[in-house]
Structures are given as C-alpha cells and as structure tokens.
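A quick write-up on the structure given underneath.
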Amino acid sequence: MALSNQADPTAEVQPATGDRLHRRVALSPELADRCYACGTCVGSCPASDSVPGWDARKAIRALALGLEDEVVDSKWPWVCTMCGRCEYNCPQGVELTKTFRACRGQRERDKVPGTLQQGILMNLERGNNFGIPQEDYLQLLAELGVELEDDPEQPCPGFYVPVDKVGANLLVTINARVPYTEPDNLKWWWRIFYAAREDWTLPSVNWDGVNWALYTGDDASMKIGVERIIENARRLQVRSILYPE
Amino acid sequence: MFDLLKEYFDQGRISVDPTRHTMSATIHDPCNYVRKSQKAFGVHYGDMIRWLAAQCCPNMVEMCDDPLNNYCCGNGGGAQVMPNDTERLAHGQYKAAQIKATGAELVISPCHNCRDQIMKFLAKQCDMGNYKETKYLWEVISDSLVYEPWSDAEIEAAHTARDEQFEGFGVELEEME
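Residue numbers (our numbering), protein chains in the order written: chain Z, 5 to 249; chain X, 173 to 349.
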C-alpha cells in the first residue's frame with residue numbers, strides 16, 4: 005500500500021491497516037504521544053524531497069501507527085543518511101536515526117541495496133571489505149614504506165610500516181578502500197606518525213576499520229567486526245586504538 | 173583522532189608551516205564527528221577540527237552558523253555503495269550551495285565519505301563558486317609538516333626493525349631497494 009505524498013486527485017487512497025500486535029521495529033508506544041507531527045524534522049532534513057511519498061515525519065508517523073512494512077520496504081530508510089539533523093532539532097526528543105536504522109535492520113539481507121551485504125560477508129570471511137589477501141596487503145605495506153622513505157620531494161629516512169608490533173602505543177585501522185583504490189593516500193597519516201615519532205602499528209589481520217554492518221542495521225555482524233579489532237589490540241598489547249576513518 | 177593530533181601539537185611533537193595553504197578554506201563538519209558525537213558522547217569535535225585546521229590555514233571561513241547544525245554532505249549511511257546517485261545529488265545540493273556561498277577554494281573534510289562526496293561527486297555536478305579542491309584534515313596537516321630530521325641512529329634502528337619484521341612475514345624487501 006503506497007502512502008500518497010503529493011496531491012494526486014485521481015489516486016485511490018486505501019485505508020491503512022497497521023499490525024500493532026506484531027511490531028518488529030518496536031517503537032516505544034509513548035512515541036504516539038510525543039511526536040505531534042510538527043515537521044521540524046522535515047525542515048531540517050536535506051533528504052526531504054528525495055523519495056516520492058516519504059519524508060522523516062511521514063515515516064515516524066507510519067511507524068507509530070504500526071505501518072512498519074510500508075516503511076521497511078520503502079527506499080526511505082536507505083536514503084536517510086543517518087545524519088541526525090532531524091533529531092538534533094526535534095522538540096520532543098524523538099530518536100529518528102536509531103529508528104530508521106532499525107528499519108534497515110528489518111529488511112531481508114538479500115534485499116539490502118547495493119554492495120553493502122556483500123562487503124559485510126567479505127569482511128567477515130576475509131578480514132576486509134574487499135577481500136584483499138594478507139600476502140598482498142603486507143607486500144603493499146612494505147613497498148609503500150620504501151616509497152615514502154625515498155620520496156623524491158619529501159623523503160622520510162627511517163620510515164617503515166610497523167605490523168603486529170607488540171606493545172606499541174597505537175593500533176591503527178585502515179579504510180579498506182584506501183589500499184584498494186588510493187594506496188598513496190595512506191601516506192598522509194604515516195607522515196604525521198613519522199614526524200611525531202609515534203610508536204604505532206597496523207595489525208596483520210582484520211585490519212579494516214570500516215564496518216558496513218553499521219549501515220545495514222546488522223548489530224550481530226557489527227559486533228563481530230568490532231570484537232576483531234579489540235582482539236588485535238589485546239593481542240598486541242597496545243595502549244590505544246586509532247580509527248582514522 | 174582529533175585528540176591525537178591536538179596532543180601532537182600541544183606536546184610540540186609536530187609543527188606545521190602555515191604558508192602552504194593560504195587560500196580561502198572552509199570546514200565541512202562530518203555528522204559522526206560533530207552532531208552524532210555530541211549525541212553519543214556528550215562532546216563534539218567541531219571546535220577542535222577548526223583549531224587544527226587553523227594551525228595550517230590562516231584564511232578560514234565558516235559555511236554554517238554552528239558546527240552542530242551543519243548540513244550532511246549526502247553520502248552518509250553507506251550511500252556511496254548503494255544505487256542512490258539521484259538522491260545523493262538532491263541531498264548534496266545544500267552542501268554545494270553552502271560551499272559556494274563561502275567563496276572558499278579549499279574544503280577541509282575529515283571523513284572519507286564526505287570527502288568523496290564533495291570532491292568526486294558534488295564538484296562535478298554542482299556549481300560551487302571558487303571551489304578548487306577538497307582535502308582531509310590529516311592531509312592538510314601532513315602537507316604542512318615541518319620535519320625534524322631523524323638521527324642516523326634512529327634510522328638504523330628503524331631499518332633493522334623493518335627488515336626483521338618483513339623477513340618474519342616472508343616479504344621480499346631486497347627487490348625494491
């Protein structure tokens with residue numbers, strides 16, 4: 005059942021039938037009292053005109069009425085970027101981003117848009133979103149290290165990339181997209197570490213700091229990803245973890 | 173990471189040359205480090221981002237009344253790996269308009285998604301006035317660094333550690349030297 009946004013006088017409006025007994029998104033019942041549909045969220049939201057038939061106010065209203073399938077099946081929760089500007093301005097403290105993320109989580113995994121689910125599965129299986137093998141990863145780090153050390157414009161004598169250094173001060177994670185598509189971009193942070201004489205290290209496994217399960221509303225997968233980084237930190241007995249994403 | 177960079181400055185561990193980025197520069201506030209950090213942790217990094225940028229950029233201009241109120245760039249929530257180009261553009265037009273209004277040539281964007289959105293997407297589709305380039309905050313700092321040379325002893329120790337490390341991993345370094 006489509007909720008009509010724009011005035012189409014010829015469209016037939018069907019009665020809404022919400023299943024309040026078997027809620028999946030489990031919105032707090034108090035929400036029906038709190039959100040009074042003022043539309044401040046819509047006024048704050050840059051995605052307001054992006055999805056025909058939907059905006060933040062409509063989506064919250066639909067959920068409060070038990071029309072969960074309509075929201076979960078729509079594009080709305082996936083076009084919302086979870087920026088939080090709506091709830092920053094909401095006079096009633098409605099937690100919209102958490103709610104829309106929960107809607108994302110309710111979708112069947114094979115209906116998750118784009119390559120998010122594939123990336124998550126790849127990360128769970130191989131330790132990074134793009135499935136870069138460890139051998140290639142280590143080889144790349146060695147080569148980039150030499151390149152940076154001998155950089156023609158601004159060399160860094162003595163630079164190399166520490167990997168699995170026990171007792172380092174900082175464990176650093178990497179956005180897998182960077183070694184995959186723009187490996188030179190790793191050097192910016194590395195130069196800062198070099199200049200600061202930081203005692204840092206990368207892990208040899210599970211080095212991807214990006215967690216797409218955050219985006220897909222998949223807490224179970226998200227937890228695994230985070231646990232692996234923490235496991236690295238414990239294994240290497242570092243003081244702190246740095247996520248420069 | 174902003175805490176770390178601030179620490180490096182406060183402790184005198186890094187120093188930068190503010191003559192390398194004299195163009196008009198503006199900060200884009202990544203939602204997660206500012207607005208959502210405030211929500212989750214009760215603190216946000218908007219002011220610290222500006223402090224760090226100001227060490228390198230003498231000519232800063234604001235795009236918004238308050239870091240907490242700044243617009244999302246349009247690429248959050250995994251937008252880049254979903255077929256959402258139309259929506260990304262519709263969303264990003266507000267960011268593009270903000271950038272144009274500042275007259276800035278450099279946008280400093282401390283987030284991978286935001287930087288990609290502004291640099292690779294909005295810059296190609298929208299009129300952003302004087303806009304020339306986007307850099308990460310750490311990129312600006314990195315490009316501004318004034319290095320204190322390592323001693324021969326430090327270099328030698330590092331080479332020893334490096335060779336031992338990569339040998340242990342079975343990575344051939346000699347081919348590259």
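Where is the CB? At the ideal position from N, CA and C, for every residue including glycine.
Within 10 angstroms of its Cβ, does residue i collect 16 or more other Cβ (buried), or is it exposed?
{"i": "THR185(Z)", "result": "exposed"}
{"i": "ALA6(Z)", "result": "Residue placement at ALA6(Z) is poorly supported in this model, since its pLDDT is 46, which falls under 50; the coordinates still yield a value, given next. Label assigned to ALA6(Z): exposed."}
{"i": "ASN132(Z)", "result": "buried"}
{"i": "ILE254(Z)", "result": "Any answer about residue 254(Z) is impossible in this case: the structure gives chain Z only from 5 up to 249."}
{"i": "ASP201(X)", "result": "buried"}
{"i": "GLN252(X)", "result": "buried"}
{"i": "TYR219(Z)", "result": "buried"}
{"i": "PHE293(X)", "result": "buried"}
{"i": "ALA325(X)", "result": "exposed"}
{"i": "GLY171(Z)", "result": "exposed"}
{"i": "PHE104(Z)", "result": "buried"}
{"i": "CYS160(Z)", "result": "buried"}
{"i": "MET348(X)", "result": "Low confidence applies here, because MET348(X) scores a pLDDT of 48, under 50, leaving its location unreliable and the question unanswered by this model."}
{"i": "THR332(X)", "result": "exposed"}
{"i": "LEU206(Z)", "result": "buried"}
{"i": "GLN289(X)", "result": "buried"}
{"i": "VAL75(Z)", "result": "buried"}
{"i": "ARG238(Z)", "result": "exposed"}
{"i": "VAL233(X)", "result": "exposed"}
{"i": "LYS227(Z)", "result": "exposed"}
{"i": "LEU128(Z)", "result": "exposed"}
{"i": "ARG243(Z)", "result": "exposed"}
{"i": "SER8(Z)", "result": "Per-residue confidence for SER8(Z) stands at a pLDDT of 46, beneath the threshold of 50, marking its modelled position as unreliable; the derived number appears in the next sentence. So SER8(Z) ends up on the exposed side."}
{"i": "ASP189(X)", "result": "exposed"}
{"i": "ALA15(Z)", "result": "exposed"}
{"i": "GLY329(X)", "result": "It should be pointed out that residue 329(X) corresponds to Ala in this sequence rather than to Gly. Under this definition ALA329(X) is an exposed residue."}
{"i": "PHE213(X)", "result": "exposed"}
{"i": "LYS296(X)", "result": "exposed"}
Residues of chain B with a CB under 8 Å from the CB of residue i: which are they?
{"i": "PRO248(Z)", "result": "This model lacks chain B altogether, as its protein chains are Z and X."}
Here's a check: name, in chain order, each residue in its chain whose Cβ is nearer than 6 Å to the Cβ of residue i, leaving out the five neighbours to either side.
{"i": "CYS90(Z)", "result": "CYS45, SER48, CYS49, ALA60, LEU100"}
{"i": "ARG113(Z)", "result": "GLN121"}
{"i": "HIS216(X)", "result": "VAL206, SER209, GLN210"}
{"i": "ILE124(Z)", "result": "TRP216, ALA217, SER225"}
{"i": "VAL55(Z)", "result": "LYS79, TRP80, VAL83"}
{"i": "ASP182(X)", "result": "none"}
{"i": "LYS272(X)", "result": "MET300, GLY301"}
{"i": "ASP203(Z)", "result": "ALA172, ASN173"}
Residues of chain Z with CB under 8 Å from residue i, in chain order?
{"i": "PRO255(X)", "result": "PRO117, GLY118"}
{"i": "ARG207(X)", "result": "CYS87, GLY88, ARG89, TYR92"}
{"i": "HIS331(X)", "result": "GLY162, TYR164"}
{"i": "ARG192(X)", "result": "By Cβ distance, chain Z contributes nothing, its closest Cβ being about 12 Å from ARG192(X), past 8 Å."}
Output, in chain order, the set of chain Z residues within a Cβ distance shorter than 9 Å of residue i.
{"i": "CYS305(X)", "result": "In the sequence as displayed, the identity of residue 305(X) is Glu instead of Cys. Neighbours of GLU305(X) on chain Z: none; closest Cβ ~14 Å, over 9 Å."}
{"i": "SER142(X)", "result": "In the structure displayed, chain X extends from 173 to 349; residue 142(X) sits before or after that span and is not available."}
{"i": "ARG119(X)", "result": "The shown model of chain X, from 173 to 349, leaves out residue 119(X), and the question about it has no answer."}
{"i": "LEU278(X)", "result": "The premise fails here: LEU278(X) is roughly 15 Å from chain Z at the closest Cβ pair, so nothing lies under 9 Å."}
{"i": "CYS203(X)", "result": "THR85, MET86, CYS87, GLY88, ARG89"}
{"i": "GLU234(X)", "result": "Result: empty, since nearest Cβ-Cβ is about 17 Å, beyond 9 Å."}
Using a cut-off of 7 Å between C-beta atoms, extract the partners of residue i located in chain X.
{"i": "ASP53(Z)", "result": "ALA262"}
By Cβ distance, which residues of its chain are closer than 8 Å to residue i, with the 5 residues on each side in sequence left out?
{"i": "GLU305(X)", "result": "GLU277, LEU278, VAL279, MET291"}
{"i": "ARG192(X)", "result": "CYS228, ASP315, SER316"}
{"i": "VAL167(Z)", "result": "LEU142, LEU145, THR205, LEU206, PRO207, SER208"}
{"i": "ARG65(Z)", "result": "CYS39, ALA41"}
{"i": "ASP223(Z)", "result": "GLY109, ALA217"}
Using a Cβ cut-off of 8 Å, pull out every chain X residue sitting near residue i, in sequence order please.
{"i": "CYS84(Z)", "result": "GLY249"}
{"i": "GLY123(Z)", "result": "VAL253"}
Residue i touches chain Z at which residues, Cβ-Cβ below 7 Å?
{"i": "LYS211(X)", "result": "GLY88"}
{"i": "LYS343(X)", "result": "At residue 343(X) the sequence reads Val, which differs from the Lys that was named. Under the 7 Å cutoff, chain Z gives LEU142, GLN143, ALA146."}
{"i": "CYS244(X)", "result": "PRO50, THR85, CYS87, ARG89"}
{"i": "ILE327(X)", "result": "PRO161, GLY162"}
{"i": "PHE338(X)", "result": "ALA146"}
{"i": "CYS229(X)", "result": "Ordered by position in chain Z, no residue passes the 7 Å Cβ test against CYS229(X), which lies about 16 Å from the chain."}
{"i": "HIS200(X)", "result": "Within 7 Å Cβ-Cβ: nothing; HIS200(X) doesn't reach chain Z, min ~12 Å."}
Within a Cβ cutoff of 7 Å, which residues of the same chain sit near residue i, ignoring the five residues on either side of it in sequence?
{"i": "GLY221(Z)", "result": "ARG105, ALA106, ARG108, GLY109"}
{"i": "ARG232(Z)", "result": "ASN210"}
{"i": "ASN179(Z)", "result": "GLY213, VAL214, GLU249"}
Does the Cβ of residue i lie closer than 7 Å to at least one heavy atom of the ligand MG?
{"i": "VAL253(X)", "result": "Only the bare structure without any ligand can be found here, which leaves the ligand MG out of the picture."}
Per DSSP, which one or two residues make a beta bridge with residue i?
{"i": "THR306(X)", "result": "VAL279(X)"}
{"i": "TRP204(Z)", "result": "LEU174(Z)"}
{"i": "LEU125(Z)", "result": "Answer is none; LEU125(Z) lacks a bridge partner."}
{"i": "ILE245(Z)", "result": "LEU175(Z)"}
*Note down, in chain order, all residues in the segment 158-185 of chain Z with a beta-carbon under 9 Å from any beta-carbon belonging to chain X.*
The residues in question are GLN158, CYS160, PRO161, GLY162, PHE163, TYR164, VAL165, PRO166, VAL167, ASP168, LYS169, LEU174, ASN179, ARG181, VAL182.
*When you check each C-beta in the segment 138-151 of chain Z against every C-beta of chain X, which residues fall closer than 9 Å?*
So the list reads GLN138, GLU139, LEU142, GLN143, LEU145, ALA146, GLU147, GLY149, VAL150, GLU151, given in the order they occur along the chain.
_chain X contacts made by the segment 38-69 of chain Z, where a contact means CB separation under 8 Å_ = Residues are counted here when their Cβ sits less than 8 Å from a Cβ of chain X; for the segment 38-69 of chain Z these are PRO50, ALA51, ASP53, SER54, VAL55, given in chain order.
*Interfacial residues, the segment 204-226 of chain Z to chain X, with Cβ spacing under 9 Å*: Flagged, chain order: SER208, VAL214, TRP216, LEU218, TYR219, THR220.
*asked:* By the 9 Å beta-carbon criterion, what residues does the segment 212-223 of chain X contribute toward chain Z?
replied: For chain Z, none of the residues of the segment 212-223 of chain X brings a beta carbon within less than 9 Å of one of its beta carbons.
*Name the residues in the segment 286-302 of chain X whose C-beta lies less than 8 Å from a C-beta of chain Z; which are they?*
Under the 8 Å Cβ criterion, the segment 286-302 of chain X contributes no residue.
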